[in-house]
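Residue numbers (our numbering), protein chains in the order written: chain A, 1 to 428; chain B, 1001 to 1255. The beta carbon of each residue, even a glycine, is placed where N, CA and C say it ideally should be. Heads up: the structure comes next, in structure tokens.
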Ligand SMILES: Nc1ncnc2c1ncn2[C@@H]1O[C@H](COP(=O)(O)OP(=O)(O)O)[C@@H](O)[C@H]1O
Ligand SMILES: [Mg+2]
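The structure is reproduced here in structure tokens:
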């Protein structure tokens, strides 16, 4: 039998860094655990449809330096933190000192705080299922810790602009950790963008820990370029009566992978996960979500939409796991997919594991094309075919776009969608 | 205005229209009657350009121009309007957005300035009242959750907004109660104009109590088997289709 390829040792050498000692120790430990890690193949269940897009050359093992300049496409209406190649750039960041809210780069943490953080990092994720994103813990060079005290309310969204500069081949490992104490409220916008054209990997992990009655909204927008392989994971743990809302909008690339894992651990916790994915050309996008109902009386609501044009390929895998004690769970998962070309491919797989007997759990997945009767109706009113296509495609996702609670993100997403329409639907 | 000569059309290899001949001049109202399945909707859809139907022979001209060579949207911009017998529901596209896009497509075609949202809103509210449709319907998805009658009024509203040269109304009167029928009839009468023709497809004669057609045609088995003035409708009302040697739904059996 042929030996499965393993992660090249080159990827396990972290760059020198000014991180506090406890974080350096954590990196080392995580790196050791990844030695000889098999790379995903077609036979790896959770990479079945995507392993063929993964192309890690040894040149990409190098850590990209914190230099260059890209500039966000978002006109940031809130507080801003800029990460360039995984390293925070204080000169480009802009946020005030806020009562009860600590925002600090990892490099500035005291050893005591860093030790506390090191004990928590990766705690929201099932490391067996986010193998490659696990590389982030062995390689991060900086990161952002956001810690909200009880009752602290952030009055504006915080934007983290994750820029990658691809003037040379290499990788970036942005890392974010959010702790929301009881009754705190916070909205985080993470935008992933890129400049340059050399092949690079962005390997990123963001974690949210919500205490009782905390309310956190996470918005994630990916508009990276055609040279960026993106492997990201978001982990969430929720205590009693906490609320977590996620809005992910992603445009395709050579490899786009996002794992979103939510654990509802306290009674009355609720999460709402929305996702929109748009792919074209030969692009790829793979969303893997897991919602674990651990405690009783929790609600989850998940809505994902994929649109695939040309020869592109979108994947959705949504797993809901209702533990034995999670009685009166309410779980709703819905995934609709739109194929805009016969050459496009969409793979969708809902996975339900239910071990409690008194639960309400609904799921649905569909794959379809634009409706001919609707198109005819629109063009019979003098509307051009192109515009009819745009109206119907937009109708497919508009509800989710409108639910994004930050206007600047809606605008950027809409602008990008219009570019997509321009290149997908030809002028009559 | 509209001239149809020996039009044959089929769907999935099955011939539905078997040689239609019809001349409609500006200012006229033509009623097309006939039993279920006789091809009335097929004729309407073919004129609007539905490619699901294949035109196998014959010709259709609109003011001398070959209609069959035009795309659906071009026909609409040249002034063809079809009120659908079964309007589709399009969730996610608001009625207002749809109507404004349509009106502006027509305006752009005529070299006129597009209407902005506020201007259009004012116009749309007026016209929706004309067909007794609550302006709240403008905010809903296109036909989404509309009752049968509301859909018909929404169709008529579009005709009033777009002011076509030829309005084809495919059973815009069916499924309406007496009051709604009156509203629709008033709307159709408001459409009547010297420079506009109306082709009214109806299964029943009751609409014709409110709208007096200039001509009545009976379509059966894919052919117009009889044409006459308004008195033909009354005769049909009195004697039924049996008088013409056809039974209700006989056309379908004949296929
Ligand atoms: N989409 C279609 N597919 C197959 N047959 C159709 C389709 N549309 C109409 N037909 C057939 O064409 C014939 C005429 O239908 P139609 O034009 O709807 O009649 P009418 O409007 O006069 O009731 C009927 O036999 C009907 O079954
Ligand atoms: Mg019909």
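Does residue i come within less than 7 Å of chain B when only Cβ atoms are used?
| i | result |
| --- | --- |
| residue 354 of chain A | no |
| residue 376 of chain A | yes |
| residue 127 of chain A | no |
| residue 307 of chain A | no |
| residue 383 of chain A | yes |
| residue 438 of chain A | The shown model of chain A, from 1 to 428, leaves out residue 438 of chain A, and the question about it has no answer. |
Report the partner residues of residue i according to the DSSP bridge assignment.
| i | result |
| --- | --- |
| residue 191 of chain A | A/161 and A/221 |
| residue 38 of chain A | A/6 |
| residue 271 of chain A | A/244 and A/300 |
| residue 259 of chain A | A/233 and A/288 |
| residue 1007 of chain B | B/1020 |
| residue 228 of chain A | A/200 |
| residue 103 of chain A | A/146 |
| residue 1168 of chain B | B/1082 and B/1199 |
| residue 1204 of chain B | Answer is none; residue 1204 of chain B lacks a bridge partner. |
| residue 1002 of chain B | B/1024 and B/1062 |
| residue 86 of chain A | BP columns for residue 86 of chain A are empty, so no partner. |
| residue 350 of chain A | A/318 |
| residue 1141 of chain B | B/1094 |
| residue 306 of chain A | A/277 and A/337 |
| residue 63 of chain A | A/171 |
| residue 94 of chain A | A/80 |
Cβ closer than 8 Å: which chain C residues qualify as neighbours of residue i?
| i | result |
| --- | --- |
| residue 1082 of chain B | You won't find chain C in this structure, because its protein chains are A and B. |
Have a look at the options and flag the residue whose alpha-carbon is nearest the alpha-carbon of residue i.
| i | options | result |
| --- | --- | --- |
| residue 297 of chain A | A/314, A/34, A/356 and A/24 | A/356 |
| residue 216 of chain A | A/186, A/105 and A/231 | A/186 |
| residue 1130 of chain B | B/1120, B/1188 and B/1119 | B/1188 |
| residue 1052 of chain B | B/1063, B/1038, B/1015 and B/1214 | B/1015 |
| residue 289 of chain A | A/333, A/266, A/200 and A/85 | A/333 |
| residue 1119 of chain B | B/1100, B/1230, B/1049 and B/1040 | B/1100 |
| residue 369 of chain A | A/309, A/419 and A/398 | A/309 |
| residue 320 of chain A | A/102, A/272 and A/282 | A/272 |
| residue 293 of chain A | A/317, A/260 and A/328 | A/328 |
| residue 1183 of chain B | B/1197, B/1193 and B/1154 | B/1154 |
| residue 84 of chain A | A/37, A/161 and A/156 | A/161 |
| residue 437 of chain A | A/367, A/86, A/12 and A/197 | Past the boundaries of the shown model lies residue 437 of chain A; chain A is included only from 1 to 428, so the question cannot be answered. |
| residue 304 of chain A | A/317, A/312 and A/311 | A/317 |
| residue 366 of chain A | A/424, A/281 and A/339 | A/339 |
| residue 98 of chain A | A/359, A/188, A/388 and A/148 | A/148 |
| residue 1174 of chain B | B/1204, B/1125 and B/1227 | B/1204 |
| residue 391 of chain A | B/1045, B/1072, B/1048 and B/1096 | B/1096 |
| residue 1104 of chain B | B/1066, B/1162, B/1069 and B/1191 | B/1162 |
| residue 207 of chain A | A/412, A/36, A/263 and A/344 | A/263 |
Of all Cβ atoms in chain A, is any one closer than 7 Å to the Cβ of residue i?
| i | result |
| --- | --- |
| residue 1095 of chain B | no |
| residue 1090 of chain B | yes |
| residue 1250 of chain B | Confidence at residue 1250 of chain B is low in this model, with a pLDDT of 45, below 50, so its placement is unreliable and no value can be given for it. |
| residue 1106 of chain B | yes |
| residue 1073 of chain B | yes |
| residue 1026 of chain B | no |
| residue 1269 of chain B | Any question about residue 1269 of chain B goes unanswered here, given that chain B covers just 1001 to 1255. |
| residue 1077 of chain B | yes |
| residue 1012 of chain B | no |
| request: Name, going along the chain, the residues of the region 385-419 of chain A whose beta-carbon falls closer than 9 Å to a beta-carbon of chain B. | output: Along the region 385-419 of chain A, the positions whose C-beta sits under 9 Å from a C-beta of chain B are 385, 387, 388, 391, 392, 394, 395, 396, 397, 398 and 399, read in chain order.
| field | Where the region 1144-1159 of chain B meets chain A: residues whose CB sits under 9 Å from a CB there | value | 1158
| Touch check for the region 154-167 of chain A and the region 55-62 of chain A: three-plus C-beta pairs under 8 Å? | Too few Cβ pairs lie closer than 8 Å, so no.
| said: Does the structure place the region 1051-1071 of chain B close enough to the region 1084-1097 of chain B that three or more beta carbon pairs sit under 8 Å? | reply: no
| request: Below 9 Å between beta carbons is the criterion; list the residues of the region 1109-1131 of chain B that meet it against any residue of chain A, in chain order. | output: 1109
| message | With a threshold of 8 Å, are at least 3 pairs of Cβ atoms found where one atom belongs to the region 104-124 of chain A and the other to the region 9-28 of chain A? | response | yes
| Cβ contact check for the region 131-142 of chain A and the region 201-220 of chain A: 3 or more pairs under 8 Å | yes
| field | Contact residues within the region 1035-1062 of chain B, judged by C-beta distance below 9 Å to chain A | value | Answer in chain order: 1045, 1048, 1049, 1050, 1051 and 1052.
| Does the region 1158-1171 of chain B come close enough to the region 1075-1084 of chain B that 3 or more CB-CB pairs lie under 8 Å? | yes
| Segment contact flag, the region 1070-1079 of chain B with the region 378-391 of chain A, C-beta cutoff 8 Å, min 3 pairs | yes
| request: Inspect the CB distances between the region 1029-1037 of chain B and the region 1192-1200 of chain B and report whether three or more fall short of 8 Å. | output: yes
| message | So, does the region 1002-1013 of chain B touch the region 1206-1216 of chain B, judging by three or more C-beta pairs under 8 Å? | response | no
| request: Pull out every residue of the region 1204-1218 of chain B whose Cβ sits closer than 8 Å to any Cβ of chain A, in chain order. | output: none
| Cβ contact check for the region 149-158 of chain A and the region 38-55 of chain A: 3 or more pairs under 8 Å | no
| query | Is there contact between the region 208-225 of chain A and the region 175-189 of chain A, where contact requires at least three CB pairs shorter than 8 Å? | reply | Taking a contact to require three or more Cβ pairs closer than 8 Å, the region 208-225 of chain A and the region 175-189 of chain A qualify as touching.
| Within the chosen definition, does the region 402-417 of chain A reach the region 1132-1141 of chain B through at least 3 CB pairs nearer than 8 Å? | no
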